[in-house]
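Undergrad:
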Amino acid sequence: PEKPEALHQVLAEGLAKTFPPPRSMQSLPNNLPQQFTSFVGRDKELEAVEEVCADHGVEEGQVLDQLQQLIEKSLVVVERGKFGDRRYTMLESVRKYARSKLGESGQEQIMRERHMLCFLALAERAEPFYCGPDQRLRLQRFDDDGFNFEAAMAWCLKTGRIEEAARFLAALGCPFEVRG
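For the sequence shown, this note's numbering assigns the number 440 to the initial residue and increments by one for each residue that follows.
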């Protein structure tokens, strides 16, 4: 087979062994690799991964367990962030494969919605601090998740969620102004 097809076959077999399909087809796939692809950019914090991926068959404690399995198989890398927090990055080849499987599952819209709600809540929680005495620290954190904020706002506009897009703009006005 061609190289991309061979790689997809190896990934499919490895991921199927690590994360068997859910018992109920009515729930979200109990498949963290697919759900993880809702994120954009290089790395993610555990709190955000749990908020987006936990539920519908994957509980919070299971998210960390499944991340650990992916790390042990060298499919996800964990690094210390600028602030000492652990940040998780999925290898790009795995991400592309898992993203295609998420699309095939019909659950991509649900996961994008969960991602958008997670980052809207994060933006609104941080908003009072963006232009205060901790501005530098908050702007560095904003930079870490900037791609996810942009993706979430784009999802709002694509799906006609104008109210949520306006809330993003209100919450992120200061960082956008400062960062240009």
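Heads up, the beta-carbon is just placed ideally off N, CA and C, and yes, glycines get one too.
#1: Please report how far the alpha carbon of G545 lies from the alpha carbon of R538, in whole angstroms.
#2: Kindly indicate the opening and closing residues of the beta strand (DSSP E) around E518.
#3: In its own chain, which residues sit with a C-beta less than 8 Å from the C-beta of L596, not counting the 5 before and 5 after it?
#4: What residue does the beta strand (DSSP E) around R525 start on, and which one ends it?
#5: Can the beta-carbon of Q473 be found less than 7 Å from the beta-carbon of L530?
#6: Going by alpha carbons, who is nearest to L471 out of K521, G480, E518, M550?
#7: Kindly give me the distance between the Cβ atoms of L485 and L503, rounded to whole angstroms, as I take these residues to be in contact under 8 Å.
#8: Buried or exposed for R575, going by 16 or more other Cβ atoms inside 10 Å?
#9: Going by the beta-carbon positions, is the gap between F581 and M592 smaller than 7 Å?
TA: So, to answer that:
#1: By one-based count along the sequence shown, residue 545 stands at place 106. By one-based count along the sequence shown, residue 538 stands at place 99. Cα to Cα, G545 sits roughly 11 Å from R538.
#2: Position 79 of the sequence shown, counting from 1, holds the residue named residue 518. Counting along the chain, the beta strand (DSSP E) containing E518 begins and ends at 515 to 519.
#3: Translated into positions along the sequence shown, residue 596 becomes position 157. Cβ neighbours of L596 beyond the five flanking positions: A604.
#4: As a first step, residue 525 is located in the sequence shown; it is residue number 86 there, counting from the start. 525 to 529 is the span of the beta strand (DSSP E), which, as asked, contains R525.
#5: Against the sequence shown, residue 473 aligns to sequence position 34. Against the sequence shown, residue 530 aligns to sequence position 91. For Q473 and L530, no; Cβs fall outside 7 Å.
#6: Here residue 471 is taken as the residue at index 32 of the sequence shown, counted from 1. Per the Cα distances, M550.
#7: Position 46 of the sequence shown, counted from the start, is the residue given in the question as residue 485. Position 64 of the sequence shown, counted from the start, is the residue given in the question as residue 503. Rounded, the Cβ-Cβ distance is 7 Å, consistent with contact.
#8: Within the sequence shown, the letter at position 136 stands for residue 575. Its Cβ having fewer than 16 others within 10 Å, R575 is exposed.
#9: The count along the sequence shown starts at 1 and reaches residue 581 at position 142. The count along the sequence shown starts at 1 and reaches residue 592 at position 153. Going by C-beta atoms, F581 is not nearer than 7 Å to M592.
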